[in-house]
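Below is one structure, written out as structure tokens; comments come after it.
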Amino acid sequence: MKLRLKKYLLLLLLLAFLPGVALAGGNEPATVKQERNHVRSGNKLYNAKRYNEAEVEYRKALEANPRSAMAQFNLASALIREDAAGSQKQQQQSQQQQASKQQSEAVKLLTNLEKTCTSRDIASKASYDLGNILYKQKNYQEAIAHYKQALRKNPGYDNARYNLRMAQLKLKQQQQQNKNNKNGKNNKDKNNDKNKNKDQNKDQNKQNQDKKNQDKQNQDKKNQDKQNQNNQQNKQQQQQGGMSKENMDQILRTMQNQENATRQRAEQRRAQMQAGERARTQYKW
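Throughout the sequence shown, residue numbering follows the working numbering, covering 225 to 509 in sequence.
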């Protein structure tokens, strides 16, 4: 009797839970199961570094449950790893463009998770991965913001804290380098201006010296032309009169000297005659 009563009560309990079992056998549990199976398969492929195949499984999981935060995060991680692998192999331009497209999709997924995901753990990891992407791009300032966001959601996230310190250090070095480059550019510009002025002065001095040389050459040429002209005139005179200007001058000087000598002799004779005349007059009686 007691055994029958127990069986009866058990049957009532089963009947009471049958509606729940029927609901659980609907579409939702099936999709959840498919989602989990695809995520697990994707994780195995991801751990085996078969990121392309893992991406396919994570997308199937999202087809089963588009709101799955885990599938979104794992898909983003797979896309990031595919992008990194493509860069290491130095693929062709079309493949590099594909890698960039994959990274853009990963950034979009991670950004959405960072802002909307209710799981603080997944949201924190999304912020961390965004920080890593920006860190590799040397965008340290924005990387720092994402690392801080990861630590706000998970204060015990040691990897985010370590990367935050590294990004802060890199940012400081980058700012110092930019400052040095700016100062170096200013110094270079100053030196260029100084050298430019020096070159201008040098050019001016050269122009002045060239002008002096040119003036001297012109004067020498003028003197030479004048000498040539005189020589030509002398030559013409020699051809016309058989005597050069210098010879004529010499003859004129000789004639002048002879005339002066004749005048002096005439004056001497006149003086002698006058002296004799005076002597005769004195002793006339």
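C-beta: ideal position from N, C-alpha, C; glycine also.
By the neighbour-count criterion, in which 16 or more other beta carbons inside 10 Å mark a residue as buried, Val263 falls on the buried side. In this chain, the alpha helix (DSSP H) harbouring Ala285 covers Tyr275 to Ala288. Separation of the CB atoms of Leu388 and Ile368 is rounded to 6 Å, and the pair is thereby assigned contact status at 8 Å. Assignment of Thr335 by DSSP, reduced to helix, strand and coil, places it in the helix class.
Here Leu303 is near Ala330, since their CB atoms are less than 7 Å apart. Remark: three or more beta-carbon pairs, one from each stretch, lie closer than 8 Å, so the region 331-348 and the region 286-302 are flagged as touching. Comparing alpha-carbon positions, the option among Asn404, Lys414, Tyr352 and Asn402 lying closest to Tyr381 turns out to be Tyr352. When Asn484, Gln361 and Phe297 are compared, the shortest CA-CA separation from Arg344 is found for Phe297. By the Cβ neighbour-count rule, Lys430 is exposed, with fewer than 16 other Cβ atoms within 10 Å of its own. Residue nearest to Ala347 within the set Gln438, Asn363 and Gln373 is Gln373 (criterion: CA-CA distance). Secondary structure note for Ser343: it is in no alpha helix (DSSP H), with a DSSP letter that is neither H nor E. Secondary structure note for Ala374: its alpha helix (DSSP H) is the uninterrupted segment Tyr364 to Lys377. Apart from sequence neighbours up to five positions away, the residues of its chain that approach Leu269 with a beta-carbon distance below 8 Å are Tyr275, Glu277, Ala278 and Glu281, ordered along the chain. DSSP, read as helix, strand or coil, puts Gly380 in coil. Put simply, the backbone Cα of Asn425 is about 46 Å away from that of Asn363.
Comparing alpha-carbon positions, the option among Arg487, Glu338 and Ala254 lying closest to His370 turns out to be Glu338. A direct Cα-Cα distance of roughly 34 Å separates Glu306 from Gln400. Taken through DSSP and simplified to helix, strand or coil, Gln488 comes out as helix. Ala288 is positioned such that its CB atom lies no closer than 7 Å to that of Cys341. Around the beta-carbon of Glu259, 16 or more other beta-carbon atoms lie within 10 Å, marking it buried. Listed in chain order, the non-local C-beta contacts of Lys377 below 6 Å within the same chain comprise Arg344, Ala347 and Ser348, local neighbours out to five positions each way being set aside. In this structure, DSSP gives Ser265 a helical state, which the three-state scheme calls helix. Pairing Gln365 with Leu395 gives a Cβ-Cβ distance under 7 Å. Ala384 has its alpha-carbon roughly 30 Å from the corresponding atom of Asn404.
Judged by DSSP in its simplified three-state form, Ser292 adopts coil rather than helix or strand.
Using a Cβ distance threshold of 7 Å, Ala272 and Leu286 do not count as a contacting pair.
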